[in-house]
Amino acid sequence: MKPLFLVFVLFCIPLWGAFAQESSLSPPAAQVLKLSQAGVSEDVLLAYIRGVNTPFHLTADNIIMLKNDKISSLVLIAMLNHDTPVSTPTAAATTSAPNPDPSAVPGPSFYSPPPIVWIHEPWEWGPYYHWRDRW
2 MKPLFLVFVL
12 FCIPLWGAFA
22 QESSLSPPAA
32 QVLKLSQAGV
42 SEDVLLAYIR
52 GVNTPFHLTA
62 DNIIMLKNDK
72 ISSLVLIAML
82 NHDTPVSTPT
92 AAATTSAPNP
102 DPSAVPGPSF
112 YSPPPIVWIH
122 EPWEWGPYYH
132 WRDRW
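Structure, rendered in structure tokens:
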């Protein structure tokens, strides 16, 4: 029984290491790794990377692990370039807007309702009498 348990443990150690490496990846990076291991072409991986809305947050260890898992350099570069535009708007948001020219500020506007148009209908004096403008 002990040799069987030892074989089981020795078999599971490399699997546990691979699981620990995958868990350190961000969810989008783990999806790219999963697609690559499934044999998806590089063009599809690049299209997937362009369509992801969340950043990859790759560390040096993540890049080395992905390179060891046969992820191409083009895919890695696309993942790294994908993170750049995500962080750019926060830097642009901290810059202050220029003060508007006080002479260009529009004056107060006044709202006037449209004119009322009355439509004159012929008189009607009860159910039997009608007043008409012409005979």
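By this note's numbering, the letter at position 32 of the sequence shown is numbered 33, and the numbering carries on one by one without gaps. The beta carbon of each residue, even a glycine, is placed where N, CA and C say it ideally should be. What you are looking at is a predicted structure, and each value in this text was computed from that prediction instead of being measured.
Inter-residue Cα distance where the pair is Glu43 and Ser25: 23 Å
8 Å Cβ cutoff met for Leu47 and Leu81: no
Nearest to Arg51 (by Cα), restricted to the options Lys35, Ser110, Ile78 and Ser113: If we check each option's Cα against that of Arg51, Ile78 comes out closest.
Buried or exposed (CB count within 10 angstroms, at least 16 for buried), Val45: exposed
Pairwise C-alpha distance: Pro109 and Val76: 56 Å
First through last residue of the alpha helix (DSSP H) which encompasses Lys35: Secondary structure note for Lys35: its alpha helix (DSSP H) is the uninterrupted segment Pro28 to Gln38.
Nearest-angstrom beta carbon gap, Ala30 and Asn69 [assumed within contact, 8 Å]: Wrong, their Cβ atoms sit about 14 Å apart, outside the cutoff.
8 Å Cβ cutoff met for Ser37 and Ile65: no
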